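Let me begin by presenting the structure, written as structure tokens, before commenting on it.
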Amino acid sequence: MDAVARDRTLVGSTDAGLEPVKRPSREEAMAAVRTLIAWAGDDPRREGVVDTPKRVVDAYDEWFEGYAADPAKELSRTFEDVQGYDDIVMLREIEVESHCEHHMAPFLGKAYVAYMPTNRVVGISKIARVVEIFARRLQTQETMTQQIADAITDSLRPAGVAVLIDATHQCMTTRGVHHRHVSTITTQFTGVFKTDASLRQRFLDFVNKR
Numbered sequence: 001m002d003a004v005a006r007d008r009t010l011v012g013s014t015d016a017g018l019e020p021v022k023r024p025s026r027e028e029a030m031a032a033v034r035t036l037i038a039w040a041g042d043d044p045r046r047e048g049v050v051d052t053p054k055r056v057v058d059a060y061d062e063w064f065e066g067y068a069a070d071p072a073k074e075l076s077r078t079f080e081d082v083q084g085y086d087d088i089v090m091l092r093e094i095e096v097e098s099h100c101e102h103h104m105a106p107f108l109g110k111a112y113v114a115y116m117p118t119n120r121v122v123g124i125s126k127i128a129r130v131v132e133i134f135a136r137r138l139q140t141q142e143t144m145t146q147q148i149a150d151a152i153t154d155s156l157r158p159a160g161v162a163v164l165i166d167a168t169h170q171c172m173t174t175r176g177v178h179h180r181h182v183s184t185i186t187t188q189f190t191g192v193f194k195t196d197a198s199l200r201q202r203f204l205d206f207v208n209k210r
């Protein structure tokens, strides 16, 4: 079970559990898009939108491919020969492209992820891949920040993890309050990043470094 399972509660669920939701067929998904086009006030048979259902389903395959990926698998290959290295390992400005689970509107930004290794490290591309896996699911930014920290903690058992995400939410910029220049920052600190203020400040200094 990956870190996402700890953060999702089914409405109306009980300890007895609910039947798994059957994934609709591609044609059923395309039919749903046609329904939305008609509900918006257009004609799904119109030349300009007749192929839109196919394009939307293709886009969903890409936008939500994180459901089919396992962050623990990405982090499973580690390296112990680090010549005694025991300081921060950090990736800056990892692209975040996700969708708000409340409106299914995009939110876009950057993630900054660091961990303090104990006796093993992981390939740096794998950290970026973990961010991508969780981003390519319906999300809240707060939950995603926690999931990234949990996945790294569970797999690497580091002395601490630090995660900061700075993103702009189109559910806020293109609808509702229409505030176009507001970004949301979320953070999660574990282990030494939580207990050591100077280490936490180093992380934040690296985030703000230009």
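Numbered according to our numbering, the sequence shown spans residues 1 to 210.
Ideal placement from N, C-alpha and C gives every residue a C-beta, glycine not left out.
Being a predicted model, the structure only gives us computed values, none of them experimental.
Fill in: Nearest residue (CA-CA) to GLU142, options ALA114, ILE37, HIS99 and VAL89
The residue you call residue 142 lines up with position 142 of the sequence shown. With distances taken between Cα atoms, GLU142 lies closest to HIS99.
Worksheet item: Helix or strand or just coil, what does DSSP make of VAL187?
Response: For the purposes of this step, residue 187 is taken as residue 187 along the sequence shown, with counting starting at 1. This sequence places Thr at residue 187; Val is not what is there. It is a strand residue.
Worksheet item: What separation, rounded to the nearest whole angstrom, lies between the Cα atoms of ALA167 and ILE185?
Response: For the purposes of this step, residue 167 is taken as residue 167 along the sequence shown, with counting starting at 1. For the purposes of this step, residue 185 is taken as residue 185 along the sequence shown, with counting starting at 1. ALA167 and ILE185 have their C-alpha atoms spaced approximately 7 Å apart.
Item to complete: Kindly indicate which three-state DSSP category ILE88 falls into: helix, strand or coil?
Response: Translated into the one-based positions of the sequence shown, residue 88 becomes position 88. Reduced to three states, the DSSP call for ILE88 is coil.
Worksheet entry | Nearest to ALA105 (by Cα), restricted to the options TYR115, ALA135, SER125 and ASP70 | Position 105 of the sequence shown, counting from 1, holds the residue named residue 105. The residue with the shortest Cα to Cα distance from ALA105 is ALA135.
Fill in: Assigned exposure category for GLN83 - 16 Cβ within 10 Å defines buried
Position 83 of the sequence shown, counted from the first residue, corresponds to residue 83. Burial state of GLN83 is exposed, judged by a 10 Å Cβ sphere holding fewer than 16 other Cβ atoms.
Item to complete: Please list the segments of the beta strand (DSSP E) lying wholly inside the segment 124-185, counting only runs of 3 or more residues, in order along the chain.
Response: Whole beta strand (DSSP E) segments, 3+ residues: 160-169.
Item to complete: Could you spell out the range, first to last residue, of the beta strand (DSSP E) harbouring LYS110?
Response: Against the sequence shown, residue 110 aligns to sequence position 110. Residues 106-116.
Worksheet entry | Runs of alpha helix (DSSP H) lying entirely within the segment 62-86, each at least 4 residues, in chain order | Note on the segment 62-86: whole alpha helix (DSSP H) runs with a minimum of 4 residues are 71-74, in chain order.
Worksheet item: Can you give the Cα-Cα distance for PHE79 and ARG120, rounded to whole angstroms?
Response: For the purposes of this step, residue 79 is identified with residue 79 of the sequence shown, where counting begins at 1. For the purposes of this step, residue 120 is identified with residue 120 of the sequence shown, where counting begins at 1. Cα to Cα, the separation comes out at about 5 Å.
Worksheet item: According to the Cβ coordinates, are LEU75 and ILE152 closer than 8 Å?
Response: Residue mapping note: residue 75 aligns to position 75 of the sequence shown, counting from 1. Residue mapping note: residue 152 aligns to position 152 of the sequence shown, counting from 1. Yes, Cβ-Cβ distance for LEU75 and ILE152 is below 8 Å.
Worksheet item: Does any CB atom of chain D fall closer than 8 Å to the CB of LYS126?
Response: The displayed structure is made up of one protein chain only, and chain D is not part of it.
Item to complete: Would you mind giving the Cβ-Cβ distance between ARG92 and TYR112, rounded to the nearest angstrom? I have them listed as a contact below 8 Å.
Response: Sequence index remark: in the sequence shown, residue 92 carries index 92 (1-based). Sequence index remark: in the sequence shown, residue 112 carries index 112 (1-based). Indeed they touch by this definition, with Cβ atoms about 5 Å apart.
Worksheet item: Between VAL49 and ARG26, which are expected to be in contact by the criterion C-beta below 8 Å, what is the C-beta distance as a whole number of angstroms?
Response: As a position in the sequence shown, residue 49 is number 49, starting the count at 1. As a position in the sequence shown, residue 26 is number 26, starting the count at 1. Contact doesn't hold; Cβ gap of about 18 Å is too wide.
Worksheet entry | Contact under 8 Å by Cβ, VAL163 with THR140 | Position 163 of the sequence shown holds residue 163. Position 140 of the sequence shown holds residue 140. The beta carbons of VAL163 and THR140 sit no closer together than 8 Å.
Item to complete: Using beta-carbon positions only, say whether VAL122 and ILE148 come within less than 8 Å of one another.
Response: As a working mapping, residue 122 is identified with position 122 in the sequence shown. As a working mapping, residue 148 is identified with position 148 in the sequence shown. No, Cβ-Cβ distance for VAL122 and ILE148 is not below 8 Å.
Worksheet item: Around the Cβ of ASP150, are there at least 16 other Cβ atoms within 10 angstroms (buried) or fewer (exposed)?
Response: Translated into positions along the sequence shown, residue 150 becomes position 150. The residue is buried, with at least 16 neighbouring Cβ atoms inside 10 Å.
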